[in-house]
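K.L.:
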Amino acid sequence: MEQKKLGFGMMRLPLTDPNDQKSIDVAQVQQMVDEYMAKGFNYFDTAWMYHRGVSETMVKECLVGKYPRESYTVTDKLPDYILRPDRTPQDVFKTQLERTGLDYFDYYLIHDTNAASIGTFEDYHCFEFVEGLLEKGLVKHIGLSHHDGPELLEEILKRHPNFEFVQLQINYLDWDSLGVRARECYEVAVKYGKKVLVMEPVKGGTLAAVPDTVKNLFKEAEPDMSPASWAVRFAASLPEVYMVLSGMSNLEQLRDNMSYMEDFRPLDEKEMAVVRKATDLINENIAIPCTGCNYCTVDCPMNVQIPTVFSLYNADLQEADFKPWSSHEELYNNLVITEGIGVASDCIECGACEDRCPQHLAIREHLKEVAAHFEGK
Ligand code: SF4
Ligand code: SF4
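In this note's numbering, the protein residues as written are 340 to 716.
1. With DSSP as the reference, label Gly346 as helix, strand or coil.
2. What beta strand (DSSP E) runs, 3 residues minimum, are completely inside the segment 362-433?
3. Give the DSSP-derived three-state secondary structure of Ser585 in the structure shown.
4. Alpha carbon to alpha carbon, what distance is there between Cys629 and His705?
5. Could you tell me if the beta carbon of Ile687 falls within a distance shorter than 6 Å of some heavy atom in ligand 1?
6. Taking the Cβ atom as the reference point for each residue, do Cys438 and Thr396 lie within a distance shorter than 7 Å?
7. Where do the ends of the alpha helix (DSSP H) carrying Tyr525 lie?
8. Among Glu539, Gly544, Asp685 and Ser565, which one has its Cα closest to the Cα of Val583?
9. Leu477 and His744 - do their beta-carbons sit closer together than 7 Å?
10. For Asp445, I'd like the list of residues in its chain whose CB is within less than 6 Å of its CB, leaving aside the five on either flank, ordered along the chain.
11. Helix, strand or coil for Ser516, going by three-state DSSP, please let me know.
12. Strictly by DSSP, which residues pair up with Phe504?
13. Is Gly631 near ligand 2, in the sense that its beta carbon is under 6 Å from a heavy atom of that ligand?
14. From Glu409 to Tyr443, what distance separates their C-alpha atoms?
15. Nearer than 6 Å: is that true of the beta carbon of Arg520 relative to any heavy atom of ligand 1?
16. Name the residue from Val571, Ala567, Lys533 and Glu669 whose alpha carbon lies nearest to the alpha carbon of Val549.
17. Put His450 into one of helix, strand or coil per three-state DSSP.
18. What's the gap between the Cα of Arg604 and the Cα of Ala575?
19. Measure the beta-carbon distance from Ala617 to Val553 and round it to whole angstroms, keeping in mind my assumption that it falls under 8 Å.
20. Exposed or buried, what is Cys689 when buried is set at 16 or more other beta-carbons lying within 10 Å of its beta-carbon?
21. Is Asp638 closer than 7 Å to Ala711 when the C-beta atoms are compared?
22. Use the C-beta contact count for Gln342: other C-beta atoms within 10 angstroms, 16 or more gives buried, fewer gives exposed.
23. By the three-class DSSP mapping on this structure, what secondary structure does Asp445 have?
24. Taking contact to mean 3 or more Cβ pairs, one atom from each stretch, closer than 8 Å, check whether the segment 638-652 and the segment 556-565 are in contact.
25. Work out the CA separation of Pro562 and Leu739 for me, nearest whole Å.
26. If you draw a straight line from the alpha carbon of Asp430 to that of Leu656, how long is it in whole angstroms?
27. Could you check the C-alpha separation between Phe504 and Ile625 for me, to the nearest Å?
28. Can you check whether the CB of Glu461 is closer than 7 Å to the CB of Pro489?
29. Alpha carbon to alpha carbon, how far is Phe661 from Tyr671?
30. Using the C-alpha atoms, what's the distance from Gln369 back to Gly379?
31. What did DSSP end up calling Gly679 once you bin it into helix, strand or coil?
32. Any heavy atom of ligand 4 closer than 6 Å to the Cβ of Tyr634?
33. My understanding is that Val732 touches Ile363, with C-beta atoms under 8 Å, so please give their C-beta distance in whole angstroms.
34. Report whether the distance from the Cβ of Gln698 to the nearest heavy atom of ligand 2 is below 6 Å.
35. Smallest Cα separation from Lys533: which of Leu496, Ile687 and Thr545?
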């Protein structure tokens, strides 16, 4: 089956209640899936933790049963944090098949290898388990998603040579960043002959909402192209990239993505120079490089809406110089008065979130900055 390079990431689906990750706007998701399939795209990416399990059930509701099995491919992933002696990888896999309504996955990944998770994956023999699924035909291709440095990635690929592909966070802002080291990880994957799947090409929306200086730069170069298009095309232009996942949150984003990925053309050298210039301009502005992945909120005892308050803070700092009234402050204040929702000052500094953050952010310190900015605390 021919595969266009735009994957439908099901981790940021449209919601009916922005404070409830399970409140999926099913009608809109269905329309998104239908339009995506109608244009000849066919790659869907889900995971156990996305939308607290509901992303997997959306696969069943909006895709499986409505389309012939051979017309689409689905990726799911085995996470570490839910494994216990009484919940083995076998149990997790069985539940994932039930939730999605599938009897095999096209792609199956060890989800989020990093220094904290790798011990659990080894203890539960997850790599061997996933290789066994491949032998039994229950998955067609196997890989891993990686959120750590190139050294650990190399170690894993050496130890587990049968894994065929690596999913990496790649976008133009992280390409040479000291925190994410996207280029170095990509180079390790290529060195070991692996195909690369890209996650976070738009860095959780950050590269769609770029500062005006960058918007103008892009407009000057290509008046009809959105800021997000530059980010997705940058990732898709890398030679070993097989698929670029975009976590699409509404029909508008989907249509924009499809408009330039339907007949994809890689960035040329002149366009790459524009992207490098944009990187420099953005780096002058961004305060907290959070991707909005939501991993950190899973264990927070205070239900602090970490990515939301970081995003409001970043956006507010980018606009503060020229706007007398701040919509971000208003949105933040709405969170403060919402029962059951934690804001920055509710943090009790337990640190559980930092263990989960793939970007290795000093979340507690950043929350203090946010509390000082929005709450005067
Ligand atoms: S450190 Fe704060 S934000 Fe992080 S999990 Fe603990 S209470 Fe939540
Ligand atoms: S703080 Fe880290 S874990 Fe939390 S949403 Fe941002 S990038 Fe993800």
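Note that the Cβ used here is the ideal one computed from N, Cα and C, for glycine as well.
P.N.:
Let me lay it out:
1. Indexing the sequence shown from 1 puts residue 346 at position 7. Gly346 falls in the strand class under three-state DSSP.
2. 382-384 and 412-417
3. Here residue 585 refers to the residue found at position 246 when the sequence shown is read from its first residue. If DSSP states are grouped into helix, strand and coil, Ser585 belongs with the strands.
4. Counting from one through the sequence shown, the residue named residue 705 turns up at place 366. Counting from one through the sequence shown, the residue named residue 629 turns up at place 290. Cα to Cα, His705 sits roughly 10 Å from Cys629.
5. Residue 687 sits at position 348 when you count from the first residue of the sequence shown. Result yes, Cβ under 6 Å from ligand 1.
6. Residue numbering aside, residue 438 sits at position 99 when the sequence shown is read from its first letter. Residue numbering aside, residue 396 sits at position 57 when the sequence shown is read from its first letter. Going by the sequence as given, residue 438 is Arg instead of Cys. Yes, they are a contact pair.
7. Within the sequence shown, numbered from 1, the residue matching residue 525 stands at position 186. Note, Tyr525: alpha helix (DSSP H), Ala521 to Lys530.
8. Along the sequence shown, one-based indexing puts residue 583 at 244. Of Glu539, Gly544, Asp685 and Ser565, the residue nearest in Cα terms is Glu539.
9. Because the chain is modelled from 340 through 716, residue 744 falls outside the range shown and cannot be assessed.
10. For the purposes of this step, residue 445 is taken as the residue at position 106 of the sequence shown. The residues are Thr412, Val413 and Lys479.
11. For the purposes of this step, residue 516 is identified with residue 177 of the sequence shown, where counting begins at 1. Three-state DSSP puts Ser516 in coil, outside helix and strand.
12. To locate residue 504, count along the sequence shown from 1; it is residue 165. Answer by DSSP bridge pairing, in chain order: Gly482 and Lys534.
13. By one-based count along the sequence shown, residue 631 stands at place 292. Answer for Gly631: yes, Cβ within range of ligand 2.
14. Position 70 of the sequence shown, counting from 1, holds the residue named residue 409. Position 104 of the sequence shown, counting from 1, holds the residue named residue 443. Each residue's alpha carbon lies about 11 Å from the other.
15. Here residue 520 refers to the residue found at position 181 when the sequence shown is read from its first residue. Arg520 Cβ: outside cutoff for every heavy atom of ligand 1.
16. For the purposes of this step, residue 549 is taken as the residue at position 210 of the sequence shown. Cα-wise, what sits closest to Val549 is Ala567.
17. Within the sequence shown, numbered from 1, the residue matching residue 450 stands at position 111. Three-state DSSP puts His450 in a strand.
18. Taking the sequence shown and counting its residues from 1, one reaches residue 604 at position 265. Taking the sequence shown and counting its residues from 1, one reaches residue 575 at position 236. Rounded to the nearest angstrom, the two C-alpha atoms are 9 Å apart.
19. In the sequence shown, counting from the first residue as 1, residue 617 sits at position 278. In the sequence shown, counting from the first residue as 1, residue 553 sits at position 214. The pair is a contact, with the Cβ atoms about 5 Å apart (cut-off 8 Å).
20. The count along the sequence shown starts at 1 and reaches residue 689 at position 350. Under this definition Cys689 is an exposed residue.
21. Reading the sequence shown from its first residue, position 372 is the one you call residue 711. Reading the sequence shown from its first residue, position 299 is the one you call residue 638. No, they are not a contact pair.
22. Walking along the sequence shown from the start, residue 342 turns up at place 3. Exposed, by the Cβ-count rule.
23. On the sequence shown, position 106 is the one that residue 445 refers to. Three-state result, Asp445: strand.
24. no
25. Because the chain spans 340 through 716 in this model, residue 739 falls outside it and cannot be assessed.
26. Residue 430 sits at position 91 when you count from the first residue of the sequence shown. Residue 656 sits at position 317 when you count from the first residue of the sequence shown. Spanning the two alpha carbons is a distance of roughly 45 Å.
27. Within the sequence shown, the letter at position 165 stands for residue 504. Within the sequence shown, the letter at position 286 stands for residue 625. Rounded to whole angstroms, Phe504 to Ile625 spans 31 Å at the Cα level.
28. Counted from its first residue, the sequence shown places residue 489 at position 150. Counted from its first residue, the sequence shown places residue 461 at position 122. No.
29. Reading the sequence shown from its first residue, position 322 is the one you call residue 661. Reading the sequence shown from its first residue, position 332 is the one you call residue 671. Reliability of the predicted coordinates at Phe661 is poor, the pLDDT of 46 falling under 50, and no value is obtained from them.
30. In the sequence shown, the residue the question calls residue 379 occupies position 40. In the sequence shown, the residue the question calls residue 369 occupies position 30. Going by the C-alpha atoms only, they are around 16 Å apart.
31. Counting from 1 along the sequence shown, the entry for residue 679 is found at position 340. Coil at Gly679, not helix or strand.
32. Annotation note on ligand 4: not contained in the displayed structure, which lists ligand 1 and ligand 2 as its ligands.
33. In the structure as shown, the chain begins at 340 and stops at 716. Residue 732 is therefore absent and cannot be evaluated.
34. As a working note, residue 698 is residue 359 in the sequence shown. Correct: Gln698 has its Cβ closer than 6 Å to ligand 2.
35. Within the sequence shown, the letter at position 194 stands for residue 533. That would be Leu496, whose Cα lies nearest to the Cα of Lys533.
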